[in-house]
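Presented below is the structure to which this report refers.
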Amino acid sequence: MGVIKIGDGLTEVPLSGVNVFFLADGTGGLVLFDAGFPTSERAIEAAVEALGHELTDIRHIFVSHSHGDHTGALANLKARTGASIYMHRSEANLVAKGRAATHLTAGPGFLSRRMHRRLMNIVPPTVTAVETDVLVNDGDVVPIAGGIEVIHTPGHTPGHAVFLAREPGAIFLGDAAANVYGLRPMSSHGDHWQAEQSIRRVAQREFEVACFGHGTAIRRRASARFRRRWKA
Ligand SMILES: [Zn+2]
Ligand SMILES: [Zn+2]
59 MGVIKIGDGL TEVPLSGVNV FFLADGTGGL VLFDAGFPTS ERAIEAAVEA
109 LGHELTDIRH IFVSHSHGDH TGALANLKAR TGASIYMHRS EANLVAKGRA
159 ATHLTAGPGF LSRRMHRRLM NIVPPTVTAV ETDVLVNDGD VVPIAGGIEV
209 IHTPGHTPGH AVFLAREPGA IFLGDAAANV YGLRPMSSHG DHWQAEQSIR
259 RVAQREFEVA CFGHGTAIRR RASARFRRRW KA
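Be aware that the sequence shown starts at 59, since it is given in my numbering, and climbs by one per residue.
Below you can see the structure in the form of structure tokens.
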């Protein structure tokens, strides 16, 4: 499946049905954003090797939310690397119990229903339980890789968060939005109104590159496209 360079020190790893991302931390290590499915561990390891690194170079893992397509390989990767996990408290509490499913309903329209059904079929409801090392909140700036800001984006799940890496100007959106059938809301949310408010807030920020859990990354002037889409 390979790796795709999408920016300076920034790599996308397309897995079957979800993407994870690596960001160079500037000191020889790697930051991983989200952790794929339970079956994704080997593909993530192969991606690290393709980048000329060893698995233990993963020092930090930022997790957008609890769902099993984003936390599946998290426990095993943590065990093998000793990396620190960063997550919002609401999601961390679920993952600490191995719970990966939350209530979701499909958004309006055929495309949302189709993608919702597909994800419901492939996303596991439980994952291997793992503790989060650093509970993060809206506005926190983690002082690695030039500063990674936490933006709490409830809606898809209550504790969903996106991460804005200031150095390359890249945002890691998890399931706050998707770019499968064009730039759109994610197909399913726990609270659609709240998710809409969250993505409008994100659209007010400046970022060059947008990285999605589902869909193709936007590599240039991404925040302008978000503002057009959500009229922020
Ligand atoms: Zn999700
Ligand atoms: Zn997802």
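The beta-carbon is built from N, C-alpha and C at its ideal position, and this holds for glycine as well.
- Following the DSSP letters along the chain, one finds Lys-289 in no alpha helix (DSSP H), marked with neither H nor E.
- Three or more pairs of CB atoms, one per stretch, sit closer than 8 Å, so the stretch 241-256 contacts the stretch 166-177.
- In the pairwise beta carbon analysis, the stretch 212-232 is classified as touching the stretch 249-265: at least three pairs are separated by under 8 Å.
- In the structure shown, Val-208 falls within a strand segment according to DSSP collapsed to helix, strand and coil.
- Nearest in C-alpha terms to His-128, of all of Ala-82, Glu-266, Pro-182, Phe-284, is Pro-182.
- Assignment of Phe-265 by DSSP, reduced to helix, strand and coil, places it in the coil class.
- Taking the Cα positions, Ala-280 is about 9 Å away from Ala-228.
- Not a single heavy atom of ligand 2 lies less than 6 Å from the C-beta of Gly-94.
- Taken through DSSP and simplified to helix, strand or coil, Glu-112 comes out as coil.
- The beta-carbon distance between Glu-107 and His-123, rounded to whole angstroms, is 28 Å. This is too long to meet the 8 Å contact definition.
- The beta carbon of Thr-114 lies closer than 6 Å to those of Thr-139 in the same chain, with the five residues before and after it left out.
- Taking Trp-288 as reference, the option from Ile-209, Gln-255, Gly-165 with the minimal CA-CA separation is Gln-255.
- Per DSSP, the continuous alpha helix (DSSP H) segment holding Val-153 begins and ends at 147-153.
- If you compare the alpha carbons of Gly-217, Val-89, Ala-131 with that of Leu-152, the shortest gap goes to Gly-217.
- Only exposed fits Pro-201, as fewer than 16 other CB atoms lie within 10 angstroms of its CB.
- Cβ neighbours of Ala-187 within its own chain (closer than 8 Å, five residues either side excluded): Ala-133, Val-153, Ala-154, Lys-155, Gly-156.
- In this structure, ligand 2 has a non-hydrogen atom nearer than 6 Å to the beta-carbon of His-125.
- The Cβ atoms of Val-208 and Ala-219 sit closer than 7 Å to each other.
- Look at Phe-230 here: in three-state DSSP terms it is strand.
- Within the same chain, Cβ atoms closer than 7 Å to the Cβ of Leu-109 are found at Val-61, Thr-69, Phe-80, the five residues on either side in sequence being excluded.
- Nearest C-alpha to Gly-94 among Gly-126, His-161, Ile-64: Gly-126.
- A distance criterion of 6 Å places the beta-carbon of Asp-233 in contact range of ligand 1, judged by its closest non-hydrogen atom.
- Counting along the chain, the unbroken alpha helix (DSSP H) around Thr-139 starts and ends at 132-139.
- When the Cα atoms are used, Gly-130 and Ser-98 turn out to be separated by approximately 7 Å.
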